[in-house]
Amino acid sequence: MPVQYYIYLALALFSIGIIGVLTRRNAIIVFMCVELMLNAVNLLLVAFSKVHYGAAYLTNKTTDAGIDGQLFVFFIMVVAAAEVSVGLAIIVMLFRNTRSVDINFLNRLKN
Amino acid sequence: MSLLHIFFWFLTALALFSALMVIISKNPVHSVLWLIVVFFAISGHYILMNAQFLAIVNLIVYAGAIMVLFLFVIMLLNLNKQTEPQKHIWLKFSGIIAGGCFLLSVSNVIYNAQNTTLELSKKAVLMGEGNIGLIENLGKKLFTDYVIPFEISSVLFLSAMVGAVVIGKKN
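Chains as they are written, first to last, in our numbering: chain P, 1185 to 1295; chain C, 12 to 182.
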């Protein structure tokens, strides 16, 4: 499968995430769009890892070239899990203080 | 057209449609469910590329843990009704324009990179074979070369856990 297909797919998913972040006002949906963008990047990293491995596989059948990309995806997932737990705690705190998850209320942080 | 291509295009269409439904749905619970469909489609892509460990981890961590956390928060805050205040129509329109400009400009760069010295059109993703995505090889690499980042990530988890409890507790 040519790598451009995966690039275009990841790009489309990332752009949908950007549009979601820019057009919605519910903080939880904005947060979910950030997760969507993270997943688009993960997909692209795995595709590039397999491109790198496929090029090295032609000469050496026991190579592990490209395995770093998949480990990066693993670490991105670890960081995303930590990020979601803290972010959702912040959203719950926001709701407790303003009775809403509208991101326009976030400018009250300055007081 | 082989079975691999059929699966690829089906999963691609499923991922894009569900991602659109995530940002179109009015009800946050529906958005969460569509996002789970996106994660399943991406896991299918990982399986097509023979990255089986990441496919399972993606399902367990994202569709299993993170999305359940989102659902719990939505249910606890009682947001599962369509009361979201809408942005002004011009703001929405400009957001769509901005995202579309990003999509167009980057896809133009990718399109022009096909025939440069990068030779993107000759690079292919190795589908369905190769064993770097198997848990044995990833585990060996993770516990030899990447053992320090692995341990640091456990500290990150600990601090995130403490932070979530501190932020979330009633004061």
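All C-beta atoms, glycine included, are put in the ideal place defined by N, C-alpha and C.
Among the options, nearest to residue i - alpha-carbon criterion
i	options	result
residue 1204 of chain P	C/46, C/121 and C/18	C/46
residue 104 of chain C	P/1187, P/1208 and P/1188	P/1208
residue 96 of chain C	C/16, C/39, C/18 and C/31	C/39
residue 140 of chain C	P/1262, P/1256 and P/1239	P/1239
residue 29 of chain C	C/126, C/17 and C/49	C/49
residue 112 of chain C	P/1187, P/1223, P/1227 and P/1199	P/1199
residue 1251 of chain P	C/156, C/169, C/179 and C/98	C/156
residue 110 of chain C	P/1197, P/1265 and P/1281	P/1197
residue 1213 of chain P	C/81, C/137 and C/56	C/81
residue 61 of chain C	C/163, C/173, C/148 and C/171	C/148
residue 134 of chain C	P/1202, P/1236 and P/1193	P/1236
residue 180 of chain C	P/1221, P/1276, P/1286 and P/1259	P/1276
residue 72 of chain C	P/1201, P/1290 and P/1266	P/1266
residue 25 of chain C	C/34, C/43, C/53 and C/106	C/53
Beta carbon proximity, residue i to chain C, threshold 8 Å
i	result
residue 1290 of chain P	no
residue 1207 of chain P	yes
residue 1285 of chain P	yes
residue 1221 of chain P	no
residue 1210 of chain P	yes
Contact list for residue i against chain P, beta-carbon separation under 8 Å
i	result
residue 148 of chain C	1248 and 1251
residue 116 of chain C	Ordered by position in chain P, no residue passes the 8 Å Cβ test against residue 116 of chain C, which lies about 10 Å from the chain.
residue 14 of chain C	Within chain P, no residue comes near residue 14 of chain C; the closest Cβ sits about 13 Å away, beyond 8 Å.
residue 33 of chain C	1200, 1204, 1213, 1216, 1217 and 1220
residue 25 of chain C	Simply none; closest approach about 11 Å.
residue 175 of chain C	1269, 1270, 1272 and 1273
residue 168 of chain C	1262, 1265 and 1266
residue 43 of chain C	1216
For residue i, the residue or residues it bridges with in DSSP
i	result
residue 135 of chain C	P/1186
residue 1210 of chain P	P/1286
Residue i: contacting residues in chain C (beta-carbon distance under 7 Å)
i	result
residue 1187 of chain P	131, 134, 135 and 136
residue 1227 of chain P	53 and 56
residue 1230 of chain P	57, 60, 62 and 65
Proximal residues of chain P, C-beta to C-beta of residue i below 7 Å
i	result
residue 164 of chain C	1259 and 1262
residue 171 of chain C	1266, 1269 and 1270
residue 84 of chain C	1212, 1272, 1275 and 1276
Under 9 Å from the C-beta of residue i: neighbouring residues of chain P
i	result
residue 18 of chain C	Going along chain P, no residue has its Cβ under 9 Å from residue 18 of chain C, so there is no contact; the nearest lies around 10 Å.
residue 121 of chain C	1188, 1191, 1192 and 1195
residue 154 of chain C	Chain P residues near residue 154 of chain C: none, gap ~11 Å exceeds 9 Å.
8 Å Cβ cutoff, residue i in contact with chain P
i	result
residue 183 of chain C	With chain C covering 12 to 182 only, the question about residue 183 of chain C has no answer from this structure.
residue 80 of chain C	yes
residue 21 of chain C	no
residue 70 of chain C	no
residue 178 of chain C	yes
residue 74 of chain C	no
residue 159 of chain C	no
residue 28 of chain C	no
residue 90 of chain C	yes
residue 100 of chain C	no
The ligand HEM heavy atom lying under 7 Å from the CB of residue i
i	result
residue 86 of chain C	In terms of ligand content, the structure shown is empty, and the ligand HEM therefore cannot be addressed.
For this session: Check distances from the C-beta atoms of the segment 1267-1280 of chain P to those of chain C and list, in chain order, the residues that come in under 7 Å.
Result: Against chain C - using a Cβ distance shorter than 7 Å - the residues of the segment 1267-1280 of chain P are 1268, 1269, 1270, 1272, 1273, 1274, 1275, 1276, 1277 and 1279.
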